[in-house]
Every structure is written in structure tokens, then in C-alpha cells.
Amino acid sequence: MDLISNLALGFSTAASPANLLFCLIGVLLGTLIGVLPGIGATATIAMLLPITFQLEPVSSLIMLAGIYYGAQYGGSTTAILINMPGESSSAVTAIDGYQMARNGRAGTALAIAALGSFFAGTVSTFLVALFAPPLTEIALEFGAAEYFSLMIVGLVSSVALAHGSIVKALAMVALGLLLGLVGTDIYTGTPRFTLGIREYSDGLNFVAVAVGVFGIAEILRNLESEKTREVLMARVSDLMPTKEDFKRMFAPVIRGTVIGSALGVLPGGGAILAAFASYTVEKRISDRPEEFGRGAIAGVAGPESANNAGAQTSFIPLLTLGIPANPVMALMIGAMIIQGIVPGPNVAVEQPALFWGIIASMWIGNLMLVVLNLPLIGLWVKLLKIPYFVLFPIIMAFCSIGVYSVNSNVYDLYAVAFFGLVGYLLQKLRCEPAPLLLGFVLGPLLEENLRRAMILSRGDPTTFFTRPISAGLLLIAAIVLVVVFLPAVKAKREEVFVEED
Amino acid sequence: MKSISFDPTNALCGGILTAVGLFFAWQSFGLELGTAFRMGPGYFPLLLSAVLTLLGIIVLVQSARVQHEPMGPIAIRGMLFILPAPIFFGLTIRGLGFVPAIFFTALIACFASHRMRPHWALAVSLALTVFSLVVFSYALGLPFERFGPWVRF
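Just so you know, the protein sequences line up as chains Z and A, in that order. Numbering follows my numbering, in which position 266 of the first sequence is assigned residue number 266; successive positions increment by one, without gaps. Heads up, my numbering is the position in the second sequence plus 501, with the first residue counted as 1.
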């Protein structure tokens with residue numbers, strides 16, 4: 001069977017000693033970053049991108065993927081222990097996880113989170129392996145019009161999943177697309193929006209924009225009000241859940257995995273939505289709904305499985321279409337391009353070892369997380385005691401080194417400062433940066449495909465509606481947009497996002 | 502309670518978005534627009550800036566309707582020390598070289614927090630410089646000059 005031989009190829013690639021080592025470094029770094037509040041996975045990957053240049057393409061992508069799901073995992077550890085989600089997707093875990101910890105069951109909550117995540121990771125890795133190849137087949141048929149429409153779907157979904165005002169999120173997409181167009185026009189060679197600065201003629205550096213908007217802005221926000229963090233307990237005991245606990249986590253884990261896998265594919269932050277959806281479902285169907293908010297096992301097991309499943313399946317659009325589902329995936333695309341790989345359906349055909357190696361490494365990474373992190377929890381708890389004012393000079397130094405080493409262009413560092421200010425301003429104005437970054441990455445691609453499609457159709461814009469796949473995609477985008485503007489959904493959506501704060 | 506009030510945050514946000522949209526539109530007019538068939542470099546940007554301006558105006562108009570919580574404190578001190586740090590690194594990496602540039606960048610960033618004490622700042626920056634030197638320069642072999650022309654005797 002194809003799947004078996006493909007997976008065998010993947011595992012033989014991912015299980016080479018060097019790749020195992022990079023996977024390990026990735027998940028450890030990821031967990032470390034997830035535990036430390038103030039640096040998200042996006043900023044970390046942006047900072048560490050340059051380091052991976054020296055590695056083989058497979059190893060570098062495996063390591064980056066490891067950071068991503070390691071960070072998810074680390075985020076839930078802090079959510080449970082100090083009621084402070086390190087990553088936004090574990091915000092839901094904090095609700096019941098922290099209550100479990102207060103009831104003296106921190107160890108159990110952590111173990112449930114780990115085991116649920118591992119189960120979800122296993123299933124969704126298998127799903128990626130199962131669904132990626134047929135989707136790749138479809139994607140190979142895509143022309144310029146289809147790619148354009150597909151990106152529209154991606155951008156619209158990122159708007160739907162953003163917090164707060166939909167109009168503002170749309171504006172962020174438009175602004176991101178415009179910023180993405182800064183640089184030399186590929187058809188005519190005309191410099192655009194460079195303000196006469198020659199160093200920006202290759203476009204704004206993606207790493208600089210990501211570090212500025214996500215990393216620096218986050219540091220500034222944390223500096224507004226400096227509080228001491230309270231660590232609930234220094235000692236975590238009784239890791240093993242009881243038989244009763246296992247019985248009660250079983251169904252939520254399965255449901256969470258299903259929800260997470262389905263929503264993770266959606267562009268724009270599926271893992272966060274998945275966790276919320278799972279929590280809502282568990283609360284609704286539970287026979288003891290009064291337990292939720294007071295330390296319900298299902299309230300930890302479900303969302304944790306869902307966000308991990310979502311994190312894995314968000315690789316599907318990346319690997320098959322070359323379209324990022326969230327800012328982290330956008331960085332993975334950046335990493336691929338730097339390594340000379342053109343992201344898209346051709347990756348599976350031309351570089352099967354890379355493609356399947358990444359998929360296999362996801363499972364190995366998840367296994368490492370369970371095996372390593374439960375015993376290492378004591379160490380992570382200690383890390384929580386590092387005061388924030390020691391952390392951010394370190395972050396700033398690493399950001400500077402990281403951004404500079406991409407192109408050795410000092411103007412990229414000025415861009416970091418500028419976008420740090422922009423990112424902070426946007427946060428103050430209650431605008432979401434995620435749609436902006438997605439727009440920034442997709443801007444050049446969107447324009448290129450639009451122009452190509454228009455040339456192919458001899459200037460007839462109906463081409464987007466007469467080609468069936470393209471029309472179908474645009475219909476999806478339109479439906480999503482209409483749905484988020486429906487008053488009922490709008491109210492519900494606000495409610496969901498308010499709960500998170 | 503019904504009074505004519507508007508949300509200052511959203512009004513500001515709408516205003517800024519509109520201004521940025523108009524700025525990009527103005528810049529786009531300086532580029533060749535082309536036709537829908539053969540789009541010039543200015544066509545798509547102009548389209549996007551029009552959308553951005555429109556959305557900015559919508560936010561501006563809506564700000565008169567909904568009232569939100571105020572903006573909260575602004576990290577002035579943070580901005581004053583955090584933002585110059587990468588700029589300083591950019592200005593000095595070629596002249597001073599990697600080691601002094603990273604030391605001073607960290608030192609500047611340290612003072613963004615009012616809880617940082619000078620001796621702590623020095624210690625953190627020094628440790629960080631040594632760590633970066635070992636990891637980035639020696640272990641990863643990033644092609645930086647450790648000491649630049651300004652500090653060579």
C-alpha cells in the first residue's frame with residue numbers, strides 16, 4: 001500500500017540520528033518558549049529561522065515544526081500551573097486546568113493534557129498522511145484563477161477567526177497585502193512603496209515584520225504593567241491519572257481530536273477555535289455541567305486534544321497547497337523558500353523524503369513531548385520563576401541577531417523597530433495582527449495570480465466565476481463572510497472571544 | 502442613557518487606517534496603472550488602498566456608535582528603550598562588531614523595565630554577550646566580525 005511505504009520513507013528520514021536530535025531540540029525549545037510568557041511561537045520561530053539556514057532542509061523544517069507543537073504543549077503547562085496560558089490556544093485549558101491544580105490535582109491535569117495531546121497528535125498525523133496526497137493531486141490541477149480564489153478563502157477565514165471587529169480585521173488584511181507589495185514589481189521592475197530606500201527593493205523582510213509585530217509588540221504590552229507571577233506550587237506529584245480519570249477523559253479526547261482535526265485545516269488560527277469549540281461541546285453534553293469551571297477533567301482533556309489536533313492538521317494546507325493556515329505556517333513557508341523549496345503541491349512529488357519526513361517527525365515529536373516533559377515538569381516550573389525584566393533584554397538581543405543574519409541588511413533592523421511600533425499601536429487600537437501577517441505573506445502571490453489569471457482570460461474578470469473550482473472556492477469565501485456578519489453569529493463570536501480574555 | 506458619544510480608540514483607528522489607505526493610494530497613482538487585462542504595477546495596490554480607505558471610513562463612522570473600555574496605559578518607557586535597541590544594533594554591527602554591538606543592545610533594552618537595577622543590567626548583558634558569542638559566532642559560525650574597525654587599534 002502506498003500509505004505504508006510513504007510512511008516508512010518518512011519514518012526512515014525522521015528517525016535518522018541527526019533529525020531525531022533536531023526534533024528533540026525543537027520540542028525542548030518550543031516547550032521552553034511556550035512556558036515563558038511573552039514570547040509566542042511565532043516570534044520564536046522568526047528568531048530561530050536564521051539558525052536553521054545552516055541545516056539540511058528536512059532537519060530545519062523538522063526542528064521548526066517541533067518548536068511549534070512544543071510551544072503548544074508548554075503553553076498548557078503554564079495554563080494549568082499559574083492560570084496564565086503561554087499560547088493563546090491553551091487559554092481554555094486554564095479555565096478548568098488551573099482549578100484542578102488548586103484542588104491539588106495539578107499532576108493529574110498535566111498528565112491528562114499530555115496524554116490527550118499525544119492521542120490527538122497520533123490520530124491527526126495519520127490524517128495528514130491520509131489526506132495530503134489526494135489533496136496534492138487536486139492542487140496540481142489548479143491554475144492562476146483557482147490559486148487566487150483559494151487565497152481569498154484563506155484571507156477571509158483569517159478574518160472570521162480573528163478577535164474583535166470584523167471590519168478592522170478586513171482592514172488588517174488589506175494593509176498586510178499592501179505591505180506585502182512593497183518592493184520591486186516582478187513584471188516591470190518598478191520599485192513600489194520603497195520611499196526611495198534601495199535596501200527595501202527586495203521587499204520588506206518577512207522575519208523583520210513578524211518579529212516586530214508579534215515579538216516586540218508583545219514585549220511592549222508586557223511592560224505596560226509589570227506584575228510578579230505567582231507560581232501555584234513548586235512540587236507536582238501524583239502524575240498518573242486514576243482509572244476513573246481515564247474513563248472520564250476517554251470520550252472528550254476522541255471528540256476533541258475530531259473537532260480539532262476538522263477545524264485545524266481552516267486558515268487563520270484553527271487551533272484556538274478548535275479548543276473553544278471542544279470546550280463548548282463538552283460543557284453542553286456533559287452530565288455534570290456544573291463541574292465546568294471548577295476543575296472538570298473533560299474541560300482539560302477535550303480542548304487540549306483539540307488544539308493539538310488542530311496544530312497538526314494546519315500543516316495540510318501548507319504541505320499540499322503552499323498556503324499558510326496561520327502565522328507560524330507562514331514562517332514555515334518562509335523557511336522553505338529560504339531553503340530553495342517552492343512550497344506547493346510539487347513538494348510531495350519532487351521531495352517525498354522531505355514531505356513524509358516532516359509528517360513522520362510530527363508523531364515522533366509528540367512522543368518525545370510525552371516521554372520527556374512529564375518528568376521535566378519540575379524544571380519548567382523553575383523557569384517560571386525567572387523575572388520578566390531579565391527575559392526581554394535576552395529576547396531583544398536574539399531578535400536583533402536573528403533578523404540581521406537573514407540578509408545582513410541593517411535596514412531590516414530598522415524595520416523591526418518600525419513594525420514593533422506598528423504592532424504595539426495596532427494592539428492599542430484593538431486590531432488583530434494575525435490577518436495582517438497572513439496578508440503580508442500572501443500579498444505578492446495574490447497579485448501575481450490575479451494578474452496572470454487576468455492575462456489568461458484576456459481581461460475578463462468573470463473567469464473567477466466560470467471555472468468551477470474557483471467559483472466554488474469564492475462561494476465558500478462569500479458564505480464565510482456572510483455568516484460572520486449575521487447578527488446571531490456575531491453575538492456568539494463576541495461571546496466566545498470575550499470568554500478568552 | 503443616550504448621549505452623543507464616540508469611542509476615541511476606534512475613531513483614532515479609523516482615522517489612521519483612512520490616512521494610511523490614502524497614502525498608499527497617492528503612492529499608487531505615481532505608478533503605471535495599466536488595464537484590467539494587463540495590470541500595471543499600480544493597479545492592484547490602488548484597488549487595495551481603496552478598500553483600506555473605505556474600511557477606515559467605516560471604522561470611523563462606527564466609532565460614533567459603540568463605546569468600549571479605554572485604551573489603558575501606554576508603555577512609554579518600554580518604547581523609549583526597546584525600540585532603539587535593534588536600531589542601535591543595526592547602526593553599530595558593522596562598525597563596532599558583533600561583541601560590543603550585542604552587549605550595548607542588551608544593555609539598552611535592560612532599562613526598559615523600571616525594576617531593572619544597573620548592576621543586574623550589566624550582569625545580564627555580559628552573560629548574554631558571552632552566550633551569544635559562543636553559540637552564534639563559534640558554534641553556528643554566523644559570519645559576523647567579532648570586533649569591527651571602530652574598536653580595533
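We put the beta carbon where it would ideally sit given N, CA and C, even for glycine.
Let me know if Ala-46 (chain Z) comes out buried or exposed under the rule of 16 or more other beta-carbons within 10 Å of its beta-carbon.
On the first sequence, residue 46 (chain Z) is found 46 positions in, with the first residue counted as 1. Only buried fits Ala-46 (chain Z), as 16 or more other CB atoms lie within 10 angstroms of its CB.
What are the boundary residues of the alpha helix (DSSP H) that Thr-606 (chain A) is part of?
The residue labelled residue 606 (chain A) in the question sits at position 105 within the second sequence. Run containing Thr-606 (chain A): 599-611, per the alpha helix (DSSP H) assignment.
Just checking, does the segment 48-66 of chain Z make contact with the segment 92-107 of chain Z on the three C-beta pairs under 8 Å criterion?
No: fewer than three Cβ pairs fall under 8 Å.
Under a CB-based cut-off of 9 Å, is Glu-447 (chain Z) close to chain A?
As a working mapping, residue 447 (chain Z) is identified with position 447 in the first sequence. It does; some Cβ of chain A falls within 9 Å.
Around the Cβ of Gly-196 (chain Z), are there at least 16 other Cβ atoms within 10 angstroms (buried) or fewer (exposed)?
For the purposes of this step, residue 196 (chain Z) is taken as residue 196 along the first sequence, with counting starting at 1. Exposed, because fewer than 16 other Cβ atoms sit within 10 Å of the Cβ of Gly-196 (chain Z).
When burial is assigned at 16 or more other CB atoms within 10 Å of the CB, is Arg-192 (chain Z) buried or exposed?
Position 192 of the first sequence, counted from the start, is the residue given in the question as residue 192 (chain Z). Buried, since its Cβ has 16 or more Cβ neighbours within 10 Å.
Report the CB separation of Ala-309 (chain Z) from Ala-274 (chain Z) in whole angstroms; it is logged as a contact under 8 Å.
As a working note, residue 309 (chain Z) is residue 309 in the first sequence. As a working note, residue 274 (chain Z) is residue 274 in the first sequence. Contact holds; Cβ gap of about 7 Å.
Can you tell me whether Asp-185 (chain Z) is buried or exposed, with buried defined as 16 or more other CB within 10 angstroms of its CB?
Stepping through the first sequence from its first residue, residue 185 (chain Z) is reached at position 185. Buried: at least 16 other Cβ atoms inside 10 Å.
Does Val-521 (chain A) get closer than 9 Å to chain Z when you measure Cβ to Cβ?
Counting from one through the second sequence, the residue named residue 521 (chain A) turns up at place 20. Yes, because at least one Cβ of chain Z sits closer than 9 Å to the Cβ of Val-521 (chain A).
Cβ shell of Leu-170 (chain Z) (< 6 Å), same chain only, five flanking positions each side left out
Mapped onto the first sequence, residue 170 (chain Z) falls at position 170. Apart from sequence neighbours up to five positions away, the residues of its chain that approach Leu-170 (chain Z) with a beta-carbon distance below 6 Å are Val-159, ordered along the chain.
Within 10 angstroms of its Cβ, does Glu-499 (chain Z) collect 16 or more other Cβ (buried), or is it exposed?
Residue 499 (chain Z) sits at position 499 when you count from the first residue of the first sequence. Here Glu-499 (chain Z) scores only 45 on pLDDT, less than 50, and its place in the model is too uncertain to base an answer on.
Given 8 Å as the limit, is there contact between the segment 349-364 of chain Z and the segment 575-593 of chain A, that is, 3 or more CB pairs closer than that?
Cβ pair count under 8 Å is below three, so no.
Could you check the C-alpha separation between Ile-323 (chain Z) and Asn-373 (chain Z) for me, to the nearest Å?
On the first sequence, residue 323 (chain Z) is found 323 positions in, with the first residue counted as 1. On the first sequence, residue 373 (chain Z) is found 373 positions in, with the first residue counted as 1. Cα to Cα, Ile-323 (chain Z) sits roughly 32 Å from Asn-373 (chain Z).
Per DSSP, what kind of secondary structure is Met-249 (chain Z) in: helix, strand or coil?
What you label residue 249 (chain Z) is simply residue 249 of the first sequence in a count that begins at 1. Look at Met-249 (chain Z) here: in three-state DSSP terms it is helix.
Answer yes if the segment 537-556 of chain A comes into contact with the segment 449-465 of chain Z, meaning at least three C-beta pairs across the two stretches below 8 Å, and no otherwise.
Result yes; three or more Cβ-Cβ pairs closer than 8 Å.
Quick check on Met-540 (chain A): does DSSP put it in helix, strand or coil?
In the second sequence, the residue the question calls residue 540 (chain A) occupies position 39. It is a strand residue.
Given 8 Å, three or more beta-carbon pairs between the segment 252-264 of chain Z and the segment 623-632 of chain A:
Fewer than three beta-carbon pairs drawn from the segment 252-264 of chain Z and the segment 623-632 of chain A are found closer than 8 Å, and the two stretches are therefore not classed as touching.
Is Thr-188 (chain Z) helix, strand or coil when you go by DSSP?
If you number the first sequence from 1, residue 188 (chain Z) lands on position 188. Residue state, collapsed to three classes: coil.
Buried or exposed by the 16-neighbour rule on C-beta atoms within 10 Å, applied to Thr-13 (chain Z):
Taking the first residue of the first sequence as position 1, residue 13 (chain Z) is located at position 13. For Thr-13 (chain Z), the number of other beta carbons within 10 angstroms of its own is at least 16, and it is reported as buried.
In chain order, what residues of the same chain lie with their CB nearer than 6 Å to the CB of Met-617 (chain A), ignoring the 5 residues before and after it?
As a working mapping, residue 617 (chain A) is identified with position 116 in the second sequence. Excluding sequence neighbours, Met-617 (chain A) sits near Cys-611.
What distance in whole Å lies between the Cβ atoms of Ser-405 (chain Z) and Leu-643 (chain A), which are believed to be in contact at a cut-off of 8 Å?
The sequence position of residue 643 (chain A) within the second sequence is 142, counting from 1. The sequence position of residue 405 (chain Z) within the first sequence is 405, counting from 1. So it is a contact: roughly 5 Å between Cβ atoms.
Could you give the DSSP three-state label for Gly-196 (chain Z): helix, strand or coil?
Locating residue 196 (chain Z) in the first sequence gives position 196, counting from the first residue. Gly-196 (chain Z) falls in the coil class under three-state DSSP.
The alpha helix (DSSP H) that contains Lys-385 (chain Z), what's its start and end?
Within the first sequence, the letter at position 385 stands for residue 385 (chain Z). That residue, Lys-385 (chain Z), is in no alpha helix (DSSP H); it is neither H nor E in DSSP.
I want to see whether chain Z comes within less than 9 Å of Arg-616 (chain A), judged by CB atoms only; does it?
Taking the first residue of the second sequence as position 1, residue 616 (chain A) is located at position 115. True, the Cβ-Cβ gap to chain Z drops below 9 Å.
In whole angstroms, give me the CA-to-CA distance for Thr-510 (chain A) and Arg-430 (chain Z).
The residue given as residue 510 (chain A) occupies position 9 in the second sequence. The residue given as residue 430 (chain Z) occupies position 430 in the first sequence. If I take the Cα positions, the gap works out to 8 Å.
Tell me which residue opens and which closes the alpha helix (DSSP H) that Trp-651 (chain A) is part of.
For the purposes of this step, residue 651 (chain A) is taken as residue 150 along the second sequence, with counting starting at 1. Taken as a continuous stretch (DSSP letters only), Trp-651 (chain A) belongs to no alpha helix (DSSP H), as it is neither H nor E.
Taking DSSP as the reference, what is the three-state secondary structure of Ala-234 (chain Z)?
To locate residue 234 (chain Z), count along the first sequence from 1; it is residue 234. With a pLDDT of 47 at Ala-234 (chain Z), under the threshold of 50, the modelled position of this residue cannot be trusted, and the question is left open.
For the segment 382-400 of chain Z and the segment 147-158 of chain Z, state whether three or more C-beta atom pairs, one from each stretch, are separated by less than 8 Å.
Below 8 Å, too few C-beta pairs join the segment 382-400 of chain Z and the segment 147-158 of chain Z to call them touching: fewer than three.
Got a sec? Which residues, its chain only, sit under 7 Å from Leu-597 (chain A) by beta carbon, not counting five neighbours each side?
Walking along the second sequence from the start, residue 597 (chain A) turns up at place 96. Within the same chain, Leu-597 (chain A) has close Cβ partners Gly-649, Trp-651 and Val-652.
Helix, strand or coil, according to DSSP, for Gly-642 (chain A) in the structure here?
Position 141 of the second sequence, counting from 1, holds the residue named residue 642 (chain A). Annotated three-state conformation of Gly-642 (chain A) is coil, per DSSP.
Nearest-angstrom Cβ-Cβ length linking Val-403 (chain Z) and Val-211 (chain Z), presumed shorter than 8 Å:
Here the question's residue 403 (chain Z) lines up with position 403 in the first sequence. Here the question's residue 211 (chain Z) lines up with position 211 in the first sequence. With 8 Å as the limit, Val-403 (chain Z) and Val-211 (chain Z) qualify as a contact, their Cβ atoms being about 6 Å apart.
Given a cut-off of 9 Å, decide if Ala-217 (chain Z) and Tyr-424 (chain Z) are closer than it, judged by their beta-carbon atoms.
The sequence position of residue 424 (chain Z) within the first sequence is 424, counting from 1. The sequence position of residue 217 (chain Z) within the first sequence is 217, counting from 1. Cβ atoms of Tyr-424 (chain Z) and Ala-217 (chain Z): closer than 9 Å.
Please list the terminal residues of the continuous alpha helix (DSSP H) segment that includes Glu-137 (chain Z).
Mapped onto the first sequence, residue 137 (chain Z) falls at position 137. Glu-137 (chain Z) -> alpha helix (DSSP H) spans 106-140.
Which of helix, strand or coil does DSSP assign to Gly-535 (chain A)?
Translated into positions along the second sequence, residue 535 (chain A) becomes position 34. In the structure shown, Gly-535 (chain A) falls within a strand segment according to DSSP collapsed to helix, strand and coil.
Counting Cβ pairs, one atom from each stretch, are 3 or more of them under 8 Å apart for the segment 311-331 of chain Z and the segment 280-287 of chain Z?
Flag = no, the segment 311-331 of chain Z and the segment 280-287 of chain Z do not touch.
Contacts that Phe-525 (chain A) makes with chain Z (C-beta to C-beta distance below 8 Å)
Reading the second sequence from its first residue, position 24 is the one you call residue 525 (chain A). Result: Leu-178 and Phe-193.
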